[in-house]
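Residue numbers (the numbering used here): 40 to 125. Ideal placement from N, C-alpha and C gives every residue a C-beta, glycine not left out. Here the structure is a predicted model, which means the values were calculated and not measured. Data first, discussion second: the structure below is written as structure tokens.
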Amino acid sequence: MFEKMIEELKTKILEAIERYLKSREKVPPRLTGLITAQETMEELSIKYKTLQKWEAAGLRRYQPPLDTRKTYYKVTDILKFLGVDE
Numbered sequence: 040m041f042e043k044m045i046e047e048l049k050t051k052i053l054e055a056i057e058r059y060l061k062s063r064e065k066v067p068p069r070l071t072g073l074i075t076a077q078e079t080m081e082e083l084s085i086k087y088k089t090l091q092k093w094e095a096a097g098l099r100r101y102q103p104p105l106d107t108r109k110t111y112y113k114v115t116d117i118l119k120f121l122g123v124d125e
């Protein structure tokens, strides 16, 4: 009986860990579907030079409507560029 309880506990712990890992794998939703260059570099742990190379290889950059120097990328464009299916 005690062994059965231990097995059930192990199963529940493994299920909880699996749910947690699946939730971590999801791309966080964004209202506009856009991400700044800075956020992209932080989330993917890349440098600005890498983003420049990606742009040269075809990743599209989006300028904001306001007069700022910030650049944006569509999250879906980045995922497609990296070959990741949503």
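Task: Simplified DSSP state of S98, which is helix, strand or coil - done: The identity of residue 98 in the sequence shown is Leu, whereas the question assumes Ser. Looking at L98 - three-state DSSP - the assignment turns out to be coil, as it is neither helix nor strand.
TODO: To the nearest angstrom, report how far apart L60 and Q102 are at their CA atoms.
DONE: 34 Å
- [ ] Indicate whether I74 and V123 have their beta-carbon atoms separated by less than 7 Å.
- [x] no
Open item on the list: I need the straight-line Cα distance from R108 to R58, nearest angstrom please.
Closed with: Rounded to whole angstroms, R108 to R58 spans 40 Å at the Cα level.
- [ ] Could you tell me the distance, in whole angstroms, from the CA atom of K51 to the CA atom of K43?
- [x] 12 Å
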